[in-house]
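Residue numbers for the sequence shown follow numbering that gives the first Met the number 0, so the first one is 0 and each next one is one higher.
Backbone N, C-alpha and C fix where the C-beta goes; we use that ideal spot for every residue, glycine too.
Owing to the predicted nature of the structure, the values given are computational and were not obtained by experimental measurement.
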Amino acid sequence: MNSTNTTSLNIRNDGTAPLNITEATFDDPDGPFELVGSAADSLPVIAPGETRSVGVGFAPTIASESETNLKLKHNASHQANFTVDLSGEGVESSINPTDSTQEFGDVSVGSSTDETITLWNNGTTDVDIEDVSITGSTPDAFEVVDSLPGTLENDSKATAEIEFDPVKSGEQTANLRIETVDGNVTIVSLEGTGNGPEVGVSDDDTDFGDVGTGDNATESVRISNYGTQPLDIENATLDGGDDDQFTVTDAPSTVAPNSDESVTVKFEAEDAGNYSTALDIAHNDSASETQRVDLNATAVAPSADADPRNIDFGNVSVGETVTGNITVTNLHTSLSNLSVESTSMVGEDAADFEVNKSSDAPFKIAPGDSQDIQVDFSPSKPAGEKKKAQLQIMSNAGNDPQMDVWLSNSKTYVIVQEVAADVDKDNAKVDLDANNVESGTDFDINVSKPGTRETEMGFDTVSMETDYEGDFEMDFNHQSTPVNHTLDVEDRDTTQYVQQNYTIDGEEFDNTSFEYRIKADSLPDGTDPESVTFNRYNTTQDKWVSHDTTLEREGGSYYIFSVDTPGFSEFAVTVPELDDGGSDDGGSDDGGSDDGGSDDGESDDGESDDGGSDDGESDDGGSDDGGSNDGGSDDGGSNDGGSDDGGSDDGGSDDGGSDDGGSDDGGSDDGGSDDGGSDDGGSDAADSTEGSAPQIFGITITPGLLGGIGGILLVAGVLGYLFLPGRQRTQQYGISIGSDDDAWSRMATAVALEQRDERDLTGGIDIVAVSEGNDDESKQDQSSEQTLLEGTDIDAVTCITESELTDCDLIVWAGELPVGFDEFGDETKLVRWPAPEGEQFFDDEIQNVDSEFNQRIAALFNRLGQ
Numbered sequence: 000m001n002s003t004n005t006t007s008l009n010i011r012n013d014g015t016a017p018l019n020i021t022e023a024t025f026d027d028p029d030g031p032f033e034l035v036g037s038a039a040d041s042l043p044v045i046a047p048g049e050t051r052s053v054g055v056g057f058a059p060t061i062a063s064e065s066e067t068n069l070k071l072k073h074n075a076s077h078q079a080n081f082t083v084d085l086s087g088e089g090v091e092s093s094i095n096p097t098d099s100t101q102e103f104g105d106v107s108v109g110s111s112t113d114e115t116i117t118l119w120n121n122g123t124t125d126v127d128i129e130d131v132s133i134t135g136s137t138p139d140a141f142e143v144v145d146s147l148p149g150t151l152e153n154d155s156k157a158t159a160e161i162e163f164d165p166v167k168s169g170e171q172t173a174n175l176r177i178e179t180v181d182g183n184v185t186i187v188s189l190e191g192t193g194n195g196p197e198v199g200v201s202d203d204d205t206d207f208g209d210v211g212t213g214d215n216a217t218e219s220v221r222i223s224n225y226g227t228q229p230l231d232i233e234n235a236t237l238d239g240g241d242d243d244q245f246t247v248t249d250a251p252s253t254v255a256p257n258s259d260e261s262v263t264v265k266f267e268a269e270d271a272g273n274y275s276t277a278l279d280i281a282h283n284d285s286a287s288e289t290q291r292v293d294l295n296a297t298a299v300a301p302s303a304d305a306d307p308r309n310i311d312f313g314n315v316s317v318g319e320t321v322t323g324n325i326t327v328t329n330l331h332t333s334l335s336n337l338s339v340e341s342t343s344m345v346g347e348d349a350a351d352f353e354v355n356k357s358s359d360a361p362f363k364i365a366p367g368d369s370q371d372i373q374v375d376f377s378p379s380k381p382a383g384e385k386k387k388a389q390l391q392i393m394s395n396a397g398n399d400p401q402m403d404v405w406l407s408n409s410k411t412y413v414i415v416q417e418v419a420a421d422v423d424k425d426n427a428k429v430d431l432d433a434n435n436v437e438s439g440t441d442f443d444i445n446v447s448k449p450g451t452r453e454t455e456m457g458f459d460t461v462s463m464e465t466d467y468e469g470d471f472e473m474d475f476n477h478q479s480t481p482v483n484h485t486l487d488v489e490d491r492d493t494t495q496y497v498q499q500n501y502t503i504d505g506e507e508f509d510n511t512s513f514e515y516r517i518k519a520d521s522l523p524d525g526t527d528p529e530s531v532t533f534n535r536y537n538t539t540q541d542k543w544v545s546h547d548t549t550l551e552r553e554g555g556s557y558y559i560f561s562v563d564t565p566g567f568s569e570f571a572v573t574v575p576e577l578d579d580g581g582s583d584d585g586g587s588d589d590g591g592s593d594d595g596g597s598d599d600g601e602s603d604d605g606e607s608d609d610g611g612s613d614d615g616e617s618d619d620g621g622s623d624d625g626g627s628n629d630g631g632s633d634d635g636g637s638n639d640g641g642s643d644d645g646g647s648d649d650g651g652s653d654d655g656g657s658d659d660g661g662s663d664d665g666g667s668d669d670g671g672s673d674d675g676g677s678d679d680g681g682s683d684a685a686d687s688t689e690g691s692a693p694q695i696f697g698i699t700i701t702p703g704l705l706g707g708i709g710g711i712l713l714v715a716g717v718l719g720y721l722f723l724p725g726r727q728r729t730q731q732y733g734i735s736i737g738s739d740d741d742a743w744s745r746m747a748t749a750v751a752l753e754q755r756d757e758r759d760l761t762g763g764i765d766i767v768a769v770s771e772g773n774d775d776e777s778k779q780d781q782s783s784e785q786t787l788l789e790g791t792d793i794d795a796v797t798c799i800t801e802s803e804l805t806d807c808d809l810i811v812w813a814g815e816l817p818v819g820f821d822e823f824g825d826e827t828k829l830v831r832w833p834a835p836e837g838e839q840f841f842d843d844e845i846q847n848v849d850s851e852f853n854q855r856i857a858a859l860f861n862r863l864g865q
């Protein structure tokens, strides 16, 4: 009793207009409850986003419990008036303050003032003081700097020194609480007002919403000063995230008391996506930290369409030009202009089609508007020959940034589109729809899309021939994780998987091949790009098998490769791991096969690398982001018809355009005979050591690949590889087969000659045996030789001596090299194997090797069409 306990009721305005407290009444106006502080004189007006307090005091005069309701009326029409339940209990105490409330007056924030409070023990006994503390609404603004003594004698007075150091601008209240040992409590109300600025912001999160790419939007952040002195804005800066896309365009230097100012921020982005940053507002309100407002925006690209997606120009004569029209539309739902940045022509007949310069990019289209692109078709060959190409229209459209239009002079057309990918699998997917396909059609289709150009490896071109008639669909799903089967090779990293699906029987496709790109930064520093290995999953054998690839060109941040495959399936690419020394592992890779490495029937064994290629026609279709070859551009995918498939034959290079290392035409797959499917005992080419094992046309020959009959089969496999280009030569291609065992040399040569003659390749390839005069009677006899090579004319084999090896293109040698072989020129290629052992060669269980081998070679040439 005879003291006052105060508290504050905090009221926040979450609306957008000032909140006025118009009336405050107690149910019992004569009771011990009263308004204190500034509320006793005037009720607050609360600005949007501001919090103000209403002080309430309890000053009982009798020792009893008291209750009442405080009713607050306001101008918020959508919300009922406030009612606050109040209660308190008056207790007797022998310690009484001379004043139940201590006023500290106005004090600037950052300064302080002291006041003395006097207390009187009017009882008949001494009182022991147990505790002196500060409680209430803003206890941090007050501090006891000189406390009461431990005992207050009867009928005596004592003082306590209290400091007021305002923590903010505005009214601040607290209570000095004195508790005695016997449990009596005395309360003195403390009141003071801080003078200074008081900062507030309209919201701590501002969203710009959807904004069209290339356009801009502005938002304002309101800064309020609830204080009694000016609020200085020291700076307004952007911090972190995507601050480059946001700009502070206007900010105040000062906000007057009880007023507002705004900071204006502009957002603009060229690329679609979600953007965020933070706006930091520094000020002179010492009671508050720097104000931070989170800024968020979404840039939305325009939506575009091109119509039609295929043009059939019909029969057009040489020298005649026919023009087709494509309408590009910026859909009316777009929020910004469509920027058509470039066009490019790709494909095997790109040179016969041209975009009319008067309608070519770049140009912009407003939302809801359209613009036409004219394409001229001027065939360079007589009517009746099918021509086809793809026009790629590059723009900033979010739904289809690369719109492909199929151009041809036939009813057959192909639509290629990138479709929504599964972001959880980090993938990119391309759909291919072929329509009105005629039997015997060959395709070189550019399937490079913006999404696939962002993956570690992406297909640029798919080439194929098909005897199918009608429509079919195909898709290419690129992802960094396994699609169906995991490829795990020691000392290799699998950078990309691609699953290819199609709606017709895989047997309908022939002469299948790809051009694909590898990101240069996916290879460890110092890695030879030719150490990249391309692998296909053989579903028949249930294993991964590698395929020879050719590095076609470098395109800035990419390497472009070509590869022939025996069909379509699931594919994966591996690169060397980075070892401790920072270099790659030498590039040897078996291709990922973990069970021997040979192709075991995987490759088509005669898979010509001219299946679907451009036969040497380069693509000069233009833009580097539309997929053309045009000198190795890395932006738009490879030239659909730019493989060197009809390449020159200059001294033994393979006819598929690869230089001693790319094509899989002979069926050998990185170190394993593919002549009909047997494993031939060949070890995985990953066991080879680069530099010690010779290569012929990309086939690495190691000692582990040859053993007994397996050696003969592999020789024939290599020779079979050479037959096709040999048939196109105008000069004889010379092959010499030798060994430290003359019988072996003659037998291997006889097998090769028989196949050459059956294939009518006599005019293209000359094959001889090298005789050293060293027949080993312990290894064989004439009857064994004749039995082993039943039906083969050993006598027809021409033998030469080592000294006669003056002009040949390829030497196949088993066993130790004779002295002087290193003196041959660079034009002569050498393949080495160890000499076969006699018990492997002449065991009775393998007497039929010759007929078995011939069947496999026959299958090879049947599939080659030779």
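Pairwise C-alpha distance: G397 and E269
About 11 Å.
Quick one: what's G488 bridged to in DSSP?
As written in the sequence, residue 488 is Val, which differs from the Gly given in the question. DSSP lists no partner for V488.
Where does A365 fall in DSSP's three states?
The answer is coil: DSSP assigns A365 none of H, G, I, E or B.
From what residue to what residue does the beta strand (DSSP E) around Y536 run?
T532 to N537
Helix, strand or coil for G867, going by three-state DSSP, please let me know.
Past the edges of the chain, shown from 0 to 865, lies residue 867, and the structure says nothing about it.
Whose C-alpha, out of R11, Q401 and I310, is nearest the C-alpha of T411?
Nearest of R11, Q401 and I310 to T411, Cα basis: I310.
What is the residue span of the beta strand (DSSP E) that N510 lies within?
F508 to K518
Unbroken beta strand (DSSP E) run spanning Q401, endpoints
Q401 to S407
Same chain, Cβ closer than 6 Å to S657, neighbours up to 5 away in sequence not counted
Here the model assigns S657 a pLDDT of 36, short of 50, so the residue's position is not dependable and the matter cannot be decided.
Can you list, in chain order, the residues of its chain whose CB lies under 6 Å from that of T328, leaving out five sequence neighbours each side?
D304 and S369
Within 7 Å (strictly less), CB to CB, does V108 reach chain D?
No chain D appears in the structure shown, which is made up of a single protein chain.
Please name the residue or residues paired with V83 in a DSSP beta bridge.
L69
Nearest-angstrom Cα separation, counted from L486 out to S377
47 Å
Under the rule that 16 or more other beta-carbon atoms within 10 Å means buried, what is Q78, buried or exposed?
exposed
Among S338, G199 and G313, which has the Cα closest to the Cα of S287?
G199
G505 by DSSP, collapsed to three states: which one?
helix
Can you list, in chain order, the residues of its chain whose CB lies under 6 Å from that of T326, leaving out five sequence neighbours each side?
D306, S369 and D371
Could you check what DSSP says for A46 in three-state terms: helix, strand or coil?
coil
Count the other C-beta atoms from every protein chain shown that fall within 10 angstroms of the C-beta of V144, then say buried if there are 16 or more, exposed otherwise.
V144 comes out exposed.
For H73, collect the residues of the same chain with a Cβ closer than 8 Å to its Cβ; drop the 5 residues on either side in sequence, then sort them by chain order.
L18, N19, I20, T21, N80 and F81
Given a threshold of 16 other Cβ atoms within 10 Å of its Cβ, counted over all protein chains shown, does E267 qualify as buried or as exposed?
Under this definition E267 is a buried residue.
If you count every other CB in all the chains shown that lies within 10 Å of the CB of T67, and 16 or more means buried, which is it?
Buried.
Identify the residues that DSSP records as bridge partners of C798: which are they?
Per DSSP, the beta bridge partners of C798 are A768.
Opposing strand residues paired with N283 [DSSP bridges]:
DSSP, once it has assigned bridges, lists no residue as partnering N283.
How would you write the range of the beta strand (DSSP E) that S546 sits in, first residue to last?
Here the sequence assigns His to residue 546, which means Ser is not the residue at that position. Its beta strand (DSSP E) spans residues K542 to H546.
Inter-residue Cα distance where the pair is A277 and V108:
When rounded, the distance between both Cα atoms is 28 Å.
Find the nearest neighbour of D430 within the set D470, N500 and H484, judged by alpha-carbon distance.
Minimum Cα distance to D430 is reached at N500.
Going by CA-CA distance only, name the one from F567, E506, R516 and T538 that's closest to D474.
F567
Nearest-angstrom Cα separation, counted from L230 out to L237
Rounded to the nearest angstrom, the two C-alpha atoms are 20 Å apart.
Spatially closest choice to E197 from I444, A46 and I736, by CA coordinates:
A46
Beta-carbon contacts of D524 that lie in its chain and below 6 Å, excluding the five residues immediately before and after:
none
C-beta atoms of K428 and N483 nearer than 7 Å
For K428 and N483, no; Cβs fall outside 7 Å.
Sub-7 Å separation of S92 and N120 beta-carbons:
Not closer than 7 Å, so no.
G660 versus N510: straight-line alpha-carbon distance, rounded:
A caution first: G660 carries a pLDDT of 36, below 50, which makes its placement in the model too unreliable to give a value.
Same chain, Cβ closer than 7 Å to G439, neighbours up to 5 away in sequence not counted:
D466
In the DSSP output, what is G814 paired with across the bridge?
Bridge partners of G814: none, in fact.
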